[in-house]
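Report on one structure; see the data block that follows.
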Amino acid sequence: MYYIYSVKNALNNKIVNIVIYICCVILLILCLFYIIKHHR
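My numbering numbers the first residue of the sequence shown as 16 and each following residue consecutively.
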(Lines of atoms letter the chains of each structure in order from A and count residues from 1; the text may use other names and numbers.)
(Lines give C-alpha, C1' and ligand atoms only; values in the text may rest on other atoms or scores of the structure.)
Protein backbone atom coordinates (compact mmCIF):
# COMPACT_ATOMS: atom_id res chain seq x y z
CA MET A 1 0.00 0.00 0.00
CA TYR A 2 2.72 2.48 1.02
CA TYR A 3 4.81 1.50 -2.03
CA ILE A 4 1.92 2.22 -4.40
CA TYR A 5 1.33 5.57 -2.68
CA SER A 6 4.99 6.57 -2.98
CA VAL A 7 5.07 5.59 -6.68
CA LYS A 8 1.90 7.63 -7.26
CA ASN A 9 3.47 10.55 -5.39
CA ALA A 10 6.68 10.32 -7.45
CA LEU A 11 4.65 10.33 -10.69
CA ASN A 12 2.65 13.35 -9.49
CA ASN A 13 5.88 15.19 -8.63
CA LYS A 14 7.31 14.35 -12.06
CA ILE A 15 4.16 15.62 -13.78
CA VAL A 16 4.20 18.82 -11.69
CA ASN A 17 7.89 19.38 -12.55
CA ILE A 18 7.21 18.83 -16.25
CA VAL A 19 4.25 21.26 -16.17
CA ILE A 20 6.35 23.91 -14.37
CA TYR A 21 9.18 23.40 -16.89
CA ILE A 22 6.80 23.74 -19.86
CA CYS A 23 5.27 26.91 -18.34
CA CYS A 24 8.74 28.42 -17.88
CA VAL A 25 9.69 27.61 -21.49
CA ILE A 26 6.44 29.14 -22.80
CA LEU A 27 7.03 32.29 -20.71
CA LEU A 28 10.59 32.58 -22.06
CA ILE A 29 9.39 32.18 -25.65
CA LEU A 30 6.66 34.80 -25.11
CA CYS A 31 9.19 37.21 -23.61
CA LEU A 32 11.54 36.70 -26.57
CA PHE A 33 8.74 37.31 -29.07
CA TYR A 34 7.70 40.44 -27.15
CA ILE A 35 11.27 41.80 -27.16
CA ILE A 36 11.78 41.01 -30.88
CA LYS A 37 8.41 42.57 -31.79
CA HIS A 38 9.13 45.80 -29.90
CA HIS A 39 12.79 45.98 -30.91
CA ARG A 40 12.08 46.73 -34.58
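Using N, Cα and C, we set each Cβ at its ideal position, and we do this for glycine too.
Being a predicted model, the structure only gives us computed values, none of them experimental.
C-alpha distance - residue i paired with residue j, whole-angstrom precision
i: H54; j: L42; result: 18 Å
i: L47; j: I19; result: 42 Å
i: K29; j: V22; result: 11 Å
i: V40; j: Y49; result: 14 Å
Neighbourhood of residue i by C-beta, 8 Å cutoff - its chain only, sequence neighbours within 5 removed
i: L45; result: none
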